[in-house]
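Residue numbers (this note's numbering): 2 to 428. What follows is one structure encoded as structure tokens, with my remarks underneath.
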């Protein structure tokens, strides 16, 4: 008879199905598998929705500029370019007015978001992420439709193209792209742990880049027939984005996720939770101190790539160095994602929506200032000519360098754990 060991069952089985015990799924394993499927579902829907919306914007960007350019050219010179060799619509007068039109349009695009993004972020922490995201996507869809109708009327009637500056009023519903982006990141923050969050942010950024990479040649191909085809197809992509988001499950967590019996036991244990919290905080502080420099360096590296790429683009006198600059600039596309991950790690879970709204507010204020500023810089560079034609890129490179230096100075060793501790105390 074989003597019992530490792996021998305390109660003998009935002999039926003993060989399947190792293959049986425990409740914890089933819950882990269900959670994994839930995370994959949420990530897939978010990717489809965000990529579709961004793909639509990238698809319609070039034809939109082409249509605006044609309208301005016809108003100034009474005709449009006969073919690609006719550069009448590329004259400084047309391009300066086009830059001014787009610059102010982008400025007005930011006003609803700046005014409402914090309100919608607060609402997302109260009623959930999904309804706020659907409102934002719905408002963006109606804005797109209004822009298309106003552009069409500018071709058929003597109405002013500047009426497109009024289209952002539809962003009052949902708060605009800043709110939509904030909700996407809040949903990911709700669904994934802090250890996986940064990677998922980069997956999202990579998917957006791939979509833009594919949208650009597709837009150029469709424009060989008519600019209206990709211009209207962008609105169809917005419909896909809204439809995908409607299938998204709500990810907002309850105010307290601790069951009642467990909460009662925690209250009765007295000093035990405080001791465990103190030990956890000390261990976490030690681990964070060891990785602090690595985290800040990783978060700041895309900023250096962006600065270098913009600098090369600013002083490129030929196409080859400009292309190299664009390539290096694309390597810094994860800068905002890494900063968002860092910011979400520094706040309690109950404030994720509000914090992402604050990030959207800061982004909106920057875009509000950048719109007319970059348009004026472009006009100034066109008048100065020579190397100063890259003046907007010079300004952008200096600003990114300053932002990267600030990110390098962020201390990740204490604040995040203080926030986590306070969040645990509130729960």
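Note that the Cβ used here is the ideal one computed from N, Cα and C, for glycine as well. All values reported here derive from a predicted model rather than from experimental measurement.
Q.
So, at 7 Å on beta carbons, what are the nonlocal neighbours of residue 154 in its own chain, with the 5 sequence-adjacent residues on each side left out?
A. Non-local C-beta neighbours of residue 154 in its own chain, meaning closer than 7 Å and more than five positions away in sequence, comprise 160, ordered along the chain.
Q. Which two residues bound the contiguous alpha helix (DSSP H) that contains residue 91?
A. It is not in any alpha helix (DSSP H) - residue 91 carries neither H nor E in the DSSP assignment.
Q | Coarse secondary structure for residue 213, derived from DSSP in three states | A | The three-state secondary structure of residue 213, taken from DSSP, is helix.
Q | residue 236: first and last residue of the uninterrupted alpha helix (DSSP H) it sits in | A | That run of the alpha helix (DSSP H) goes 229–247.
Q) Can you list, in chain order, the residues of its chain whose CB lies under 8 Å from that of residue 166, leaving out five sequence neighbours each side? A) Answer for residue 166: 105, 106 and 109, listed in chain order.
Q) Could you give the distance in angstroms between the alpha-carbon of residue 177 and the alpha-carbon of residue 137? A) The alpha-carbon of residue 177 is positioned some 5 Å away from that of residue 137.
Q.
Quick check: what's the CA-CA separation for residue 48 versus residue 208?
A. The alpha-carbon atoms of residue 48 and residue 208 are separated by roughly 7 Å.
(Q) Less than 6 Å between C-beta atoms, sequence neighbours within five positions excluded: which residues of the same chain meet that for residue 410? (A) Taken in chain order, the list of residues that qualify is empty.
Q. If you count every other CB in all the chains shown that lies within 10 Å of the CB of residue 370, and 16 or more means buried, which is it?
A. By the 10 Å Cβ count, residue 370 comes out exposed.
Q: Go through its chain and collect everything with a Cβ distance to residue 394's Cβ below 7 Å, but skip five positions before and after it.
A: So the qualifying residues of the chain are 311, 314 and 315.
Q) Are the CB atoms of residue 252 and residue 130 nearer to each other than 9 Å? A) Yes; because the gap between Cβ atoms is below 9 Å, this pair is in contact.
Q) Rounded C-beta distance between residue 142 and residue 240? I'm assuming under 8 Å. A) The Cβ separation is near 7 Å, so the contact holds.
Q. Alpha carbon to alpha carbon, how far is residue 190 from residue 70?
A. The alpha-carbon atoms of residue 190 and residue 70 are separated by roughly 41 Å.
Q: Put residue 130 into one of helix, strand or coil per three-state DSSP.
A: Under the three-state reduction of DSSP, residue 130 is assigned to helix.
Q. Helix or strand or just coil, what does DSSP make of residue 296?
A. Reliability of the predicted coordinates at residue 296 is poor, the pLDDT of 45 falling under 50, and no value is obtained from them.
Q: Starting from the C-beta of residue 332, find all residues in its chain whose C-beta is less than 6 Å away, skip the five residues before and the five after it, and write them out in chain order.
A: Leaving aside the five residues that flank residue 332 on each side, the residues in its chain whose CB is nearer than 6 Å to its CB run, in chain order, 306.
Q.
Does the stretch 192–205 come into contact with the stretch 347–363, if we say contact requires no fewer than three beta-carbon pairs (one atom in each stretch) closer than 8 Å?
A. Using a Cβ-Cβ distance cut-off of 8 Å, the stretch 192–205 and the stretch 347–363 are not in contact, since fewer than three pairs of beta carbons, one from each stretch, lie closer than that value.
Q) How far does the alpha helix (DSSP H) with residue 193 in it reach, from first residue to last? A) Counted as a single uninterrupted DSSP element, the stretch harbouring residue 193 is not any alpha helix (DSSP H), since DSSP gives it neither H nor E.
Q. Got a sec? Which residues, its chain only, sit under 8 Å from residue 202 by beta carbon, not counting five neighbours each side?
A. If we look at residue 202 and ignore the five residues flanking it on each side, its Cβ neighbours are 186, 189, 335, 338, 339, 341 and 342.
Q: Starting from the Cα of residue 318, find the closest Cα among 346, 390 and 330 and give me that residue.
A: It is 390 whose Cα lies nearest to the Cα of residue 318.
Q.
Buried or exposed, going by whether 16 or more other CB atoms sit within 10 Å of the CB of residue 133?
A. Answer is buried; the Cβ neighbour count reaches 16.
(Q) So, at 6 Å on beta carbons, what are the nonlocal neighbours of residue 329 in its own chain, with the 5 sequence-adjacent residues on each side left out? (A) Non-local C-beta neighbours of residue 329 in its own chain, meaning closer than 6 Å and more than five positions away in sequence, comprise 306, 309 and 310, ordered along the chain.
Q: Output the distance between the C-alpha atoms of residue 261 and residue 355, rounded to the nearest integer angstrom.
A: Reliability of the predicted coordinates at residue 261 is poor, the pLDDT of 35 falling under 50, and the value obtained from them is presented with this limitation in mind. Within the model, the alpha-carbon separation for residue 261 versus residue 355 is close to 27 Å.
Q) Does the separation of the CB atoms of residue 54 and residue 181 fall below 9 Å? A) Yes, the Cβ-Cβ distance between residue 54 and residue 181 is below 9 Å.
Q | Enclosing alpha helix (DSSP H) for residue 78 [first to last residue] | A | It spans 28–78 - the alpha helix (DSSP H) in which residue 78 sits, taken as one unbroken run.
Q | Rounded separation between residue 102 and residue 238 - CA only | A | Spanning the two alpha carbons is a distance of roughly 24 Å.
Q) Thinking C-beta only, is residue 60 closer than 9 Å to residue 219? A) In this structure, residue 219 lies near residue 60, with their beta-carbon atoms less than 9 Å apart.
(Q) Once the 5 residues before and after residue 212 are set aside, which same chain residues still bring their CB inside 6 Å of it? (A) Exclusion of the five residues before and after residue 212 leaves 52, 55 and 56 as the residues of its chain whose Cβ lies within less than 6 Å of its Cβ.
**Q.** Among 34, 79, 383 and 224, nearest to residue 66 - alpha-carbon criterion
**A.** For the residues 34, 79, 383 and 224, the minimum Cα distance to residue 66 belongs to 224.
Q: Would you decide whether residue 50 is buried or exposed? Buried here means 16 or more other CB atoms lie within 10 Å of its CB.
A: Burial call: buried.
Q | Coil, strand or helix - residue 396 by DSSP | A | In this structure, residue 396 counts as helix in the three-state DSSP scheme.
Q | Reference residue 359; option with closest CA among 150, 184, 97 and 145 | A | When 150, 184, 97 and 145 are compared, the shortest CA-CA separation from residue 359 is found for 184.
Q: Helix, strand or coil for residue 319, going by three-state DSSP, please let me know.
A: Residue state, collapsed to three classes: coil.
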